[in-house]
Amino acid sequence: MQVQYSRLESMDADLVRQIAEIHENAPSEWRDDHEVSDDRIQRRIEDLKTKITDSGFYLLMAQAPSGDLIGFHWLEIEEENKRRIGHIGSLWVAQKYRRQGIGKKMKKKAEVWAKKAGAEELRTEVYFANSRMIEYNKKLGYRPGQVIMTKDLR
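Given below as structure tokens:
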């Protein structure tokens, strides 16, 4: 199958909504207690809308020949201690298209973009329960750099 990769650089309300909904619902794949509100999805839509035209933001889509969205990956450049860091916000590939190199290709394209944008490093946060993504990132050269500890107070 021929996958089409393209950046989302202008406002397409339907695509932005679809990406926001997928992104916000993705943790339900590895967390039984994950809940998403319409308000949370709307906040993500607004966040993406403001960033899409920003030169320090990169959102790459993978689409099937039919035009269906089958994956996306986004990151943005952030300044930290006078260093430019590429902060990965999301990587998603539709279940039936996984293990076909789509995610890897999107990450490589984003890495090229980040280097051109002056980033010295890429960073991502991964839910500890998402062990497949942790192992996937390790295979691509990422290493643990910081652990965020949580405690449920309910």
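According to my numbering, the residues represented by the sequence shown are 5 to 158, in order.
Don't be surprised by glycine CBs; every beta carbon is placed ideally from N, CA and C.
Just so we're clear, the structure is a prediction, and the values are computed from it rather than from any experiment.
Supposed contact pair residue j and residue i - C-beta distance, whole angstroms, cut 8 angstroms
{"i": "residue 81", "j": "residue 121", "result": "5 angstroms"}
{"i": "residue 27", "j": "residue 96", "result": "7 angstroms"}
{"i": "residue 2", "j": "residue 124", "result": "Residue 2 lies beyond the range of the chain shown here (5 to 158); nothing can be said about it."}
Proximity below 8 angstroms, CB of residue i to CB of residue j
{"i": "residue 49", "j": "residue 24", "result": "yes"}
{"i": "residue 8", "j": "residue 99", "result": "no"}
{"i": "residue 62", "j": "residue 11", "result": "yes"}
{"i": "residue 21", "j": "residue 133", "result": "no"}
Neighbourhood of residue i by C-beta, 6 angstroms cutoff - its chain only, sequence neighbours within 5 removed
{"i": "residue 138", "result": "130"}
{"i": "residue 29", "result": "40"}
{"i": "residue 153", "result": "none"}
Exposed unless 16 or more other CB atoms sit within 10 angstroms - verdict on residue i
{"i": "residue 76", "result": "buried"}
{"i": "residue 52", "result": "buried"}
{"i": "residue 15", "result": "exposed"}
{"i": "residue 110", "result": "buried"}
{"i": "residue 116", "result": "exposed"}
Close-in-space but distant-in-sequence residues of the same chain around residue i (CB under 8 angstroms, 5 per side omitted)
{"i": "residue 140", "result": "107"}
{"i": "residue 47", "result": "none"}
{"i": "residue 19", "result": "12, 65 and 73"}
{"i": "residue 118", "result": "62, 79, 81, 90 and 126"}
{"i": "residue 84", "result": "none"}
{"i": "residue 105", "result": "none"}
Own chain residues within Cβ distance below 7 angstroms of residue i, not counting five before or after
{"i": "residue 114", "result": "62, 64, 77 and 79"}
{"i": "residue 93", "result": "78, 79 and 80"}
{"i": "residue 6", "result": "69"}
{"i": "residue 44", "result": "28"}
Below-8 angstroms beta-carbon distance, residue i vs any chain C residue
{"i": "residue 75", "result": "The structure shown contains no chain C, having only a single protein chain."}
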